[in-house]
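**Student:** In this note's numbering, the protein residues as written are 126 to 576. Even glycine gets a Cβ: it sits at the ideal position worked out from N, Cα and C. Because the structure is a prediction, the values reported are computed rather than measured.
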Ligand SMILES: NC(=O)c1ccc[n+]([C@@H]2O[C@H](COP(=O)([O-])OP(=O)(O)OC[C@H]3O[C@@H](n4cnc5c(N)ncnc54)[C@H](O)[C@@H]3O)[C@@H](O)[C@H]2O)c1
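Now the structure itself:
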């Protein structure tokens with residue numbers, strides 16, 4: 126099923142499941158963005174190339190087939206088998222190269238999708254911006270704080286559209302959550318909690334090594350780029366997230382999605398003021414640099430956030446917003462809003478330390494001032510609202526559609542390079558605190574982490 130059409134049967138199936146789970150009111154969210162984009166004339170087709178056709182690059186190429194008015198014209202990867210994987214994803218015999226500069230030299234390429242390990246983002250985005258290409262850069266935007274500001278500067282200097290790839294920012298579920306958050310019906314939200322927990326080899330990035338991986342089929346020197354030189358190591362190439370030379374562990378891989386979602390919903394476009402992490406490497410002791418559990422408390426000016434990733438239990442993905450008048454939870458792709466009962470209620474605990482007569486007088490007085498209301502629990506349950514996307518909904522396709530539309534209109538998108546930079550610095554703060562066993566503080570003046 127495409128993102129456009131949702132059969133009534135599917136809706137009934139979704140609704141029935143949620144009703145069984147106790148949800149009072151279920152709304153199926155309407156995907157609009159791709160339908161609006163369908164009116165694009167052929168002359169406005171955006172021609173793009175993918176730099177990196179690994180797991181994510183192929184996923185993006187595949188999703189791009191759902192986006193009207195775009196065409197992939199070339200793929201680039203350092204591992205030859207991924208040339209074929211890229212062509213298969215895009216269902217076309219496009220040219221393929223190991224050298225991304227050949228793509229940047231092409232005058233007929235409007236934009237590039239950069240889906241390569243994080244340590245290479247800066248160099249390739251800088252080169253792409255200098256070559257006049259707009260860039261969809263995968264998350265986290267930066268490998269280091271310095272890389273992030275260099276990317277911001279490259280986008281400004283080249284006057285390019287840069288969008289970072291945390292697709293939740295373009296999701297219809299997150300858009301609804303933002304609407305609820307901004308409506309004020311949650312009251313004041315002082316605490317936000319998020320986690321993303323997994324319990325599998327794949328979840329811990331222990332990906333299988335393809336049988337043809339070798340120095341002949343992979344350009345290892347180009348993979349290392351500016352990272353420390355070392356002999357060919359297929360585990361480092363395919364499981365790069367485990368190693369600090371190329372990735373940022375759980376913070377860069379998963380925190381960044383949670384932080385981006387929180388920033389989007391709360392309209393925060395700044396770096397957390399400080400972060401305090403704890404955690405450890407308890408189980409996946411395969412030579413990796415990063416912990417398999419990390420739990421970070423962040424200070425923002427108006428609220429606090431706790432974010433956790435644990436590779437030792439299948440807890441899934443969740444963000445909870447705890448307001449004085451209501452609680453909103455995004456669990457996977459299901460959004461639930463539940464009001465808190467804030468009506469006046471008689472004290473029912475401390476008056477049991479009062480003499481009976483005094484207690485009864487207090488209760489009678491209270492009842493006189495507050496006439497009977499419907500049973501509290503029932504009133505709240507009736508107002509619980511649940512929102513789900515249609516089956517097969519792809520926020521990845523929506524995020525790509527937002528980017529390609531911006532390439533045409535020249536209007537910056539929400540998840541632009543500044544947004545991406547702020548979210549990525551949140552990840553760097555978490556790692557800094559974990560590895561230095563300290564409170565990491567963001568110094569906006571010097572653009573540095575202190576502590
Ligand atoms: N938004 C999401 O949900 C999401 C999901 C997965 C990955 N990602 C991000 O996408 C990026 C890629 O991750 P992945 O899982 O696809 O990794 P991967 O290892 O599967 O693929 C990366 C590919 O990049 C290629 N590459 C490296 N340097 C290159 C260069 N200089 N020129 C051309 N190709 C080069 C490698 O050959 C490799 O095939 C990372 O930044 C990751 O964080 C985002």
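In terms of residue numbering, what span does the alpha helix (DSSP H) encompassing residue 483 cover?
**Tutor:** 481-494
**Student:** So, using beta-carbon positions, are residue 177 and residue 202 closer together than 8 angstroms?
**Tutor:** Their beta carbons are under 8 angstroms apart, which means residue 177 touches residue 202 by this criterion.
**Student:** Please return the same chain residues whose Cβ sits closer than 7 angstroms to the Cβ of residue 539, not counting the five positions on each side in sequence.
**Tutor:** 294, 389
**Student:** Suppose you measure from the CA of residue 367 to the CA of residue 354; what does that come to, to the nearest Å?
**Tutor:** 17 angstroms
**Student:** Can you list the beta strand (DSSP E) stretches of 3 or more residues lying completely in the region 361-407, in chain order?
**Tutor:** 399-405
**Student:** Please classify residue 250 as buried or exposed, where buried requires at least 16 other C-beta atoms within 10 Å of its C-beta.
**Tutor:** buried
**Student:** Less than 8 angstroms between the CB atoms is what I'm expecting for residue 446 and residue 314, so what's the real figure, rounded?
**Tutor:** 5 angstroms
**Student:** DSSP has residue 583 in a bridge; who is on the other side?
**Tutor:** The structure shown does not extend to residue 583, since the chain is modelled only from 126 to 576, so the question has no answer here.
**Student:** Please give the ranges of any beta strand (DSSP E) in the region 184-239, keeping only runs that are unbroken, at least 3 residues long and fully inside the region.
**Tutor:** 195-201, 236-239
**Student:** Have a look at residue 481 and residue 471 and give me their C-alpha separation to the nearest angstrom.
**Tutor:** 15 angstroms
**Student:** Extract the residue ranges of the beta strand (DSSP E) inside the region 261-349, only unbroken runs of 3 or more that lie entirely within it.
**Tutor:** 287-289, 314-322
**Student:** Taking 8 angstroms as the threshold, find out whether the region 385-399 comes into contact with the region 414-431 through three or more Cβ pairs.
**Tutor:** yes
**Student:** Taking the straight line between their C-alpha atoms, what separation do you get for residue 512 and residue 306?
**Tutor:** Answer to the nearest angstrom: the Cα atoms are 14 angstroms apart.
**Student:** Looking only at DSSP bridge pairs, what is residue 525 linked to?
**Tutor:** DSSP output for residue 525 lists no bridge partner at all.
**Student:** Ligand 1 and residue 292: does the residue's C-beta get closer than 7 angstroms to at least one heavy atom of that ligand?
**Tutor:** Yes, Cβ of residue 292 sits closer than 7 angstroms to a heavy atom of ligand 1.
**Student:** For the alpha helix (DSSP H) that contains residue 250, what are its first and last residues?
**Tutor:** 246-255
**Student:** By DSSP, does residue 534 sit in helix, in strand, or in coil?
**Tutor:** Note: residue 534 maps to helix in three-state DSSP.
**Student:** Which residue marks the beginning of the alpha helix (DSSP H) containing residue 551, and which one marks its end?
**Tutor:** Residue 551: member of the alpha helix (DSSP H) spanning 542-561, first to last residue.
**Student:** Is the number of C-beta pairs between the region 321-330 and the region 446-466 that are closer than 8 angstroms three or more?
**Tutor:** no
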